[in-house]
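Engineer: Have a look at the structure that comes next, please.
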Amino acid sequence: MPFNSESARAAGKKSKRKSLKKDPPTIKEKMELLYEKVLDDLLANQDKLTKTERVKLFITLSGYIFPKTKPVRDKFTLEQLKEMKEDYFDNSPDPTK
Numbered sequence: 200m201p202f203n204s205e206s207a208r209a210a211g212k213k214s215k216r217k218s219l220k221k222d223p224p225t226i227k228e229k230m231e232l233l234y235e236k237v238l239d240d241l242l243a244n245q246d247k248l249t250k251t252e253r254v255k256l257f258i259t260l261s262g263y264i265f266p267k268t269k270p271v272r273d274k275f276t277l278e279q280l281k282e283m284k285e286d287y288f289d290n291s292p293d294p295t296k
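Heads up: the sequence shown begins at 200 in this note's numbering, then just goes up one per residue.
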């Protein structure tokens, strides 16, 4: 008996393998579905939002979309900060006296 598409189909029908069980969706997957539904609803009904609600939504979403930057300080700024700290500590009265 040669092995061809017909014999493979017959062998597959006789197979004792069980069907694969799908795992129930995880919390993360459920949350992703919920977010998608909420965002779809917001996009469909964005005309119904007030201006302040739109601004709050924009600010909230931009925190997730755009990368957050760290403040950069140059040498000049760092030197000024050091001078301010030195002046502050030099001018303060001695608490032990």
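Each residue gets a CB set at the ideal place from its N, CA and C atoms; glycine is no exception.
Report yes or no: is there a C-beta of chain B within less than 8 Å of the C-beta of T276?
Structural biologist: Here there is only one protein chain, and chain B is not present.
Engineer: At the level of alpha carbons, what is the spacing between K247 and A209?
Structural biologist: Rounded to the nearest angstrom, the two C-alpha atoms are 60 Å apart.
Engineer: Is D222 helix, strand or coil by DSSP?
Structural biologist: Coil at D222, not helix or strand.
Engineer: Should L256 and L277 be called a contact, given that it needs their Cβ atoms to be closer than 8 Å?
Structural biologist: Cβ distance not < 8 Å, so L256 and L277 don't count as in contact.
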